[in-house]
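In what follows, a structure is listed as structure tokens, so that the remarks can point back to it.
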Amino acid sequence: MGIGLYRIDFFELVLCMTLGQLLIGNPFYAAAVFLFADMLQSCLLGNIAKLVHQDRHRYLFDILFCLVIAGGLVLVFLYPVLSSSPDSVLVSLFCLCVVLRDSFCARPINISDYPSRPESRKGERLVTLCLIQLLFDLLCVWILVPRFKGLDLALLLVLLLLSGIGKLLKPSTRLVLDAPLPENKYTDIASYRIFSDMNLYSTISMNLGVMSVLFVMTRAYAGSYSSLLFASLLVWLLLMGAVIHICSRLTKKRFRGLALSEFIFGALTWCLGAVFMFRARTLVFVALWTFVWGLGITLISSSVRKFYLDFKAVGELAGEEYGSKELSLSNMVVSTSAGLISSAIMLLMLALYSFLSSDFSTVKWTSPNDVWVMQLPLAFMLVALAVALRQPLDYRNREKLMRFIDAKAPNEKMGESLKSLFVKKYRMRFGVKILCTLARPFLRLKVSGRENIREQECPSVFVCNHGFLYGPISAVIYLPTYFRPWIHNVMLDTETAVAQMHRSLSFLDRLFGRKAGDRIIRWINSILQWVLSSFNPIPVVRGASRDVMSTFNASLQALLEGDNILIFPEKPRELNEQPQEDEQYDPDKLRNFYTGFAHIAKMYYDATGKSLLFYPLYSDRDRRLFRIGEGVRYDVSLAPREGKQKVARELQSKMSELSK
Numbered sequence: 040m041g042i043g044l045y046r047i048d049f050f051e052l053v054l055c056m057t058l059g060q061l062l063i064g065n066p067f068y069a070a071a072v073f074l075f076a077d078m079l080q081s082c083l084l085g086n087i088a089k090l091v092h093q094d095r096h097r098y099l100f101d102i103l104f105c106l107v108i109a110g111g112l113v114l115v116f117l118y119p120v121l122s123s124s125p126d127s128v129l130v131s132l133f134c135l136c137v138v139l140r141d142s143f144c145a146r147p148i149n150i151s152d153y154p155s156r157p158e159s160r161k162g163e164r165l166v167t168l169c170l171i172q173l174l175f176d177l178l179c180v181w182i183l184v185p186r187f188k189g190l191d192l193a194l195l196l197v198l199l200l201l202s203g204i205g206k207l208l209k210p211s212t213r214l215v216l217d218a219p220l221p222e223n224k225y226t227d228i229a230s231y232r233i234f235s236d237m238n239l240y241s242t243i244s245m246n247l248g249v250m251s252v253l254f255v256m257t258r259a260y261a262g263s264y265s266s267l268l269f270a271s272l273l274v275w276l277l278l279m280g281a282v283i284h285i286c287s288r289l290t291k292k293r294f295r296g297l298a299l300s301e302f303i304f305g306a307l308t309w310c311l312g313a314v315f316m317f318r319a320r321t322l323v324f325v326a327l328w329t330f331v332w333g334l335g336i337t338l339i340s341s342s343v344r345k346f347y348l349d350f351k352a353v354g355e356l357a358g359e360e361y362g363s364k365e366l367s368l369s370n371m372v373v374s375t376s377a378g379l380i381s382s383a384i385m386l387l388m389l390a391l392y393s394f395l396s397s398d399f400s401t402v403k404w405t406s407p408n409d410v411w412v413m414q415l416p417l418a419f420m421l422v423a424l425a426v427a428l429r430q431p432l433d434y435r436n437r438e439k440l441m442r443f444i445d446a447k448a449p450n451e452k453m454g455e456s457l458k459s460l461f462v463k464k465y466r467m468r469f470g471v472k473i474l475c476t477l478a479r480p481f482l483r484l485k486v487s488g489r490e491n492i493r494e495q496e497c498p499s500v501f502v503c504n505h506g507f508l509y510g511p512i513s514a515v516i517y518l519p520t521y522f523r524p525w526i527h528n529v530m531l532d533t534e535t536a537v538a539q540m541h542r543s544l545s546f547l548d549r550l551f552g553r554k555a556g557d558r559i560i561r562w563i564n565s566i567l568q569w570v571l572s573s574f575n576p577i578p579v580v581r582g583a584s585r586d587v588m589s590t591f592n593a594s595l596q597a598l599l600e601g602d603n604i605l606i607f608p609e610k611p612r613e614l615n616e617q618p619q620e621d622e623q624y625d626p627d628k629l630r631n632f633y634t635g636f637a638h639i640a641k642m643y644y645d646a647t648g649k650s651l652l653f654y655p656l657y658s659d660r661d662r663r664l665f666r667i668g669e670g671v672r673y674d675v676s677l678a679p680r681e682g683k684q685k686v687a688r689e690l691q692s693k694m695s696e697l698s699k
């Protein structure tokens, strides 16, 4: 797993903000100076510039870093003059001492084959670090003691001591200065680039979110400051940390393989907490939205860790040159860049705000003005969500990838298919994900029979009842494996689909007129085409045998590439037995099957020498059930005609049992 070389220490940030408020009446100046000094020492002393420039096309990062340097220098040198506050120099000195104290504690890491320099023994290193910390702490105490007393002094000294102990126990990391770095090859993998954007934008959002909360909580008490305010900030940070720790323990070994769903749910949870956080007026509601926020942060962080593990498998698929060192480097670049960019954005905002309100204690604020602060973090999180919908490494595709990696005799065609999906630039259509997300709360089906699916014998064919649209939607949402469905080619072609919809939606022409009705139908059809194309369907062509064989050839190719197939073989209403005169047509009633679909088993056997498994699926709208039956194996000892008829009969029989 990658290690971020730069992380924002929010407790030290609160320490500097407390000093800034007590000494010059402006906590945001102190926060900006702390961030400026922290970023500067990380990029220069920590050698982060070498790491960041391992990634390509970092011109925007360079521009942002130049703006940070310019803004920080202007802030440090001009603010004391413009605000007529000589004590602001002491605030800058205090922040610099805190940052330099921590930089000496940073632990050097080496992710290349370059030989590391021998370090001194742990005892000697600890004594050296304690002496360095003592030196900088004495400078900080020299600033604090003559100017504060009582509770204020005690709070500052306790924060200073605890932050120093924390850095000794859990030091930050930095690169070995003269060690070469391996090439960042994972940027060539399309799915990893999507993941890095997900991680980047979500981390920026979460960091900005926490900093914005500190910003708002501090600003709300502008005219009535007390030491208890910053004590409450520390309590909130500790509460958030406790929530994240507890939720991490609960989700650590859960949801394996569901990293993408976990990320999306975590991002939505975080957004929900961000929307309602400013509506909290009691401690109970504050604790509630803090829990929601902490849960969202935990789910996002947990999903990122699981993605790291999954991309080891993607690296194996891509080639031997994509090893664990290259993956660690890529992960380090993403994590470090996210921390630096979020600090840079907040630094520029704080610097601007410090100049606009040099006399912080005289500024009055009202609650509605707080909402705008969260708009930027929310915007970054929404961008991360949009990027996540393009990620091909979802549960079903991951399952296919792991089967390929674990196979003793890998399928070459499956490997090429997976490379086109994960390694090459792949346009992921996310209609399926949106459809599943929107439809799942309304269906809430009870699923049974998952244990009947033999993963080791996939690919297989799944046969489901139609039930108008209920069967296909249920299978898309609840079938616990990847598949490609058979869909009539009439519905996959724009013009033929529009003509078909005109017959079904003719009332729109009568209601809105011919031209308007046609536009509405074409608009509906464009949405339908977008959703259907998301399934990567196999077109079902009816008519001449040559056309029909195109469907079977495409199905065989999909099976050879490791894809399961989903089929709805029920005959149309007019080809089934007609209901009695006193009996109404029931679209949910199981109809007779075509038998021709089973011919794919003979083709698969001829190509691979393996007997294909068919699984019956039954979706029951009235009882809200989705059942998976035991598989039916194609009998290779029978004649082709008898074999496919036997498969169809057994599937029909098992599906009838599932419907009872």
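When you read off a place in the sequence shown, starting at 1, and then add 39, the result is the number in our numbering. No residue lacks a Cβ here, since even glycine has one placed at the ideal position from N, Cα and C.
So, for residue i: in the same chain, excluding its five sequence neighbours on each side, which residues have a beta-carbon less than 7 Å away from its beta-carbon?
i: Thr401; result: Confidence at Thr401 is low in this model, with a pLDDT of 44, below 50, so its placement is unreliable and the value that follows should be read with caution. Excluding positions up to five away in sequence, the list is empty.
i: Val249; result: Phe49
i: Leu417; result: Cys310 and Ala313
i: Leu697; result: Pro655, Tyr657, Arg666 and Gly668
i: Pro210; result: Cys144, Ala145 and Arg146
i: Val529; result: Thr535, Ala536 and Gln539
i: Ile560; result: Val537, Met540, His541, Leu544 and Leu547
i: Tyr521; result: Arg435, Asn436, Glu438, Lys439, Asp602 and Asn603
i: Val130; result: Leu58, Gly59, Leu62, Ile63, Tyr68, Ala69 and Val72
i: Leu571; result: Ile526, Met530 and Leu531
Among all the DSSP beta bridges, which residues are the ones paired with residue i?
i: Ile148; result: Leu214
i: Phe632; result: Glu609
i: Phe49; result: Phe49 pairs with nothing; no bridge assigned.
i: Ser487; result: Arg666
i: Ile604; result: Val500 and Arg523
i: Val72; result: Note: Val72 sits in no beta bridge, so no partner.
i: Arg672; result: Leu652
i: Tyr643; result: The partner list for Tyr643 (beta bridge, DSSP) is empty, contrary to what the question assumes.
i: Asp659; result: Leu664
Should residue i be flagged as near chain D, meaning a C-beta pair shorter than 9 Å?
i: Arg164; result: Chain labels in this structure do not include chain D; a single protein chain is all it has.
Which whole-angstrom value describes the C-beta separation of residue i and residue j, a residue pair presumed to lie in contact below a C-beta threshold of 8 Å?
i: Phe75; j: Glu51; result: Actually they are not in contact, since the Cβ atoms of Phe75 and Glu51 sit about 14 Å apart, beyond 8 Å.
i: Asn243; j: Ala377; result: Strictly speaking, residue 243 in this sequence is Ile, with Asn absent from that position. The pair is a contact, with the Cβ atoms about 5 Å apart (cut-off 8 Å).
i: Leu299; j: Ala427; result: 7 Å
i: Ile516; j: Pro578; result: Their Cβ separation, rounded to whole angstroms, is 23 Å, which puts Ile516 and Pro578 out of contact at 8 Å.
i: Phe346; j: Phe175; result: Wrong, their Cβ atoms sit about 38 Å apart, outside the cutoff.
i: Arg493; j: Gly670; result: 7 Å
i: Gly305; j: Leu338; result: 3 Å
i: Leu44; j: Arg213; result: 6 Å
i: Val500; j: Leu297; result: Rounded, the Cβ-Cβ distance is 25 Å, inconsistent with contact.
i: Leu168; j: Leu207; result: 6 Å
i: Leu484; j: Leu664; result: 6 Å
i: Val53; j: Met78; result: Not confirmed; about 18 Å, so no contact.
Near residue i, which residues of its chain fall below 8 Å by C-beta distance, leaving aside the five closest residues on each side in sequence?
i: Ser692; result: none
i: Leu722; result: Residue 722 lies beyond the residue range present for the chain, which begins at 40 and ends at 699; the question has no answer from this structure.
i: Leu677; result: Lys685
Excluding the 5 residues preceding and the 5 following residue i in the sequence, name in chain order all residues of the same chain whose CB lies nearer than 6 Å to its CB.
i: Gly41; result: Reliability of the predicted coordinates at Gly41 is poor, the pLDDT of 46 falling under 50, and no value is obtained from them.
i: Ser406; result: Because Ser406 sits at a pLDDT of 43, beneath the cut-off of 50, its placement in the model cannot be relied upon, and the point is left open.
i: Pro154; result: Low confidence applies to Pro154: its pLDDT is 49, below 50, so where it sits in the model is not reliable, and the reading given next is rough at best. Nothing meets the Cβ criterion.
i: Ala352; result: Leu440 and Ile444
i: Gly510; result: Cys503, Asn504 and Ser658
i: Pro66; result: Met56, Gly59, Gln60 and Thr257
i: Asp398; result: The predicted model places Asp398 with a pLDDT of 48, which falls under 50 and marks its position as unreliable, so this point remains unresolved.
i: Val282; result: Phe330 and Gly333
i: Ser589; result: Val580
i: Val343; result: Asn238
**Item:** Complete beta strand (DSSP E) runs within the segment 567-597 (minimum length 3 residues, chain order)
**Value:** 577-579
**Asked** Going along the chain, which unbroken runs of the beta strand (DSSP E) with 3 or more residues stay wholly within the segment 270-324?
**Response** none
**Item:** Length-filtered (4 minimum) alpha helix (DSSP H) runs lying within the segment 493-564
**Value:** 509-517, 533-543 and 545-551
**Item:** Segment contact flag, the segment 638-654 with the segment 664-683, C-beta cutoff 8 Å, min 3 pairs
**Value:** yes
**Item:** Contact between the segment 276-293 and the segment 233-240 (3+ Cβ pairs under 8 Å)
**Value:** no
**Request:** Scan the segment 330-378 and note each continuous beta strand (DSSP E) run of 3 residues or more that stays entirely inside, going in chain order.
**Result:** none
**Message:** Could you check whether the segment 554-564 touches the segment 531-542, counting it as contact only if at least three pairs of C-beta atoms, one from each stretch, sit closer than 8 Å?
**Reply:** yes
**Asked** Fully enclosed by the segment 416-459, which alpha helix (DSSP H) runs are 4 residues long or longer?
**Response** 434-445 and 451-457
**Three-pair Cβ contact test at 8 Å for the segment 267-277 versus the segment 436-448** = no
**Message:** I want to know whether the segment 592-609 touches the segment 451-466 - three or more CB-CB distances under 8 Å.
**Reply:** yes
**Request:** Give a yes or no on contact between the segment 126-142 and the segment 190-209, applying the rule of three or more CB pairs nearer than 8 Å.
**Result:** yes
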